[in-house]
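*Asks:* Numbering-wise (my numbering), the sequence shown opens with residue 24 and increments by one. Cβ atoms here follow ideal geometry from the backbone N, Cα and C, with glycine treated the same way. A single structure is presented below for examination.
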Amino acid sequence: MTEKNVGGGLPIRIVDIGDLPANMLDEFYDDVLTPSFPDEELLSPDALAAALADPAGTMCASVAVSDDGFVVGGAVGQWFPECRVLLTVYLATHPGRRGGGIGRAVLREVREEWLRRYDPLLILGEAEDPRYHRDRGFGDPGRRLAFYLNEGARVLDVPYFQPRLRPEDVRVPHLLLLAFGIDDRCRRGDDLDAAPVRCFLEKNLLVNEGAIGDDPETSALRNAVEGPVVQWADPLAAHHER
């Protein structure tokens, strides 16, 4: 558990979800995640709970709890051990508490915790590309990207999409793949070693869709990482071409 003071000096505790009563996960899902992500980007509550409860699983989560006992933010991560890559699946703040520094505190805390726990080569994240996505009531994509960039994230130059989470769902196109943490072991000059990225993209498809397809979107994604390195995209293009 970590005590933090955020905007206005408001105290929060950042706590591993496993150290809290079960109803706090429901509160996190209903009050923080559901207002922050559309259905096609969000695991079902049962699927998330099962993944977090699985002792052999690879999902982890920490939440921010206010001094009056409410869940006001949090993050969910998924570890891909074969690739030594951790995906920041969700990072969100309660809609009524956005802009007060909670998201920043959570991101910084979980990034340090995940570095200690997993020793990853990469900590990755996803964000809607503001050139293609608009605010549908879940938060402004441009502001979200600006927040990530201000926290040091870099955009990988790959045509990323979120795999479908359920057979009846569709993929979420036009997402940006971000690096929140980069170990020196996978730096290649100014570029990034493609091997862990390629491994993650393949495992992420297998975990969620059960196969690696040969459709145009998958082929374009795999082609982007078939070389020895992945380059960085210009984040200003994604942020300003709106």
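#1: Just the C-alpha distance for A76 and D69, rounded to the nearest angstrom, thanks.
#2: Select from L109, A218, L200 and R121 the residue whose C-alpha is nearest the C-alpha of D152.
#3: Run through the DSSP bridge pairs and tell me what G113 is partnered with.
#4: Does DSSP classify R157 as helix, strand or coil?
#5: Mapping the DSSP letters down to three states, classify G165 as helix, strand or coil.
#6: Please confirm whether L147 and T116 have their CB atoms less than 8 Å apart.
#7: Quick check on D142: does DSSP put it in helix, strand or coil?
#8: Excluding sequence positions up to five away, which residues of its chain have a Cβ less than 7 Å from the Cβ of N231?
#9: Leaving out the 5 sequence neighbours to the left and right, which residues in its chain are closer than 7 Å to R134 when beta-carbon positions are compared?
#10: Could you check where the beta strand (DSSP E) with C83 kicks off and where it finishes?
*Replies:* Walking through what the data contain:
#1: Answer to the nearest angstrom: the Cα atoms are 10 Å apart.
#2: Taking D152 as reference, the option from L109, A218, L200 and R121 with the minimal CA-CA separation is L200.
#3: Residue identity differs from the one stated: residue 113 is Tyr in this sequence, not Gly. In the DSSP output, where bridge partners are listed per residue, Y113 has V99.
#4: If DSSP states are grouped into helix, strand and coil, R157 belongs with coil.
#5: It is helical.
#6: It is not a contact, given that the beta carbons lie outside the stated cut-off.
#7: Coil.
#8: So the qualifying residues of the chain are P186, R187 and L188.
#9: So the list reads I146, F203 and G204, once near-sequence residues are dropped.
#10: Counting along the chain, the beta strand (DSSP E) containing C83 begins and ends at M82 to S89.
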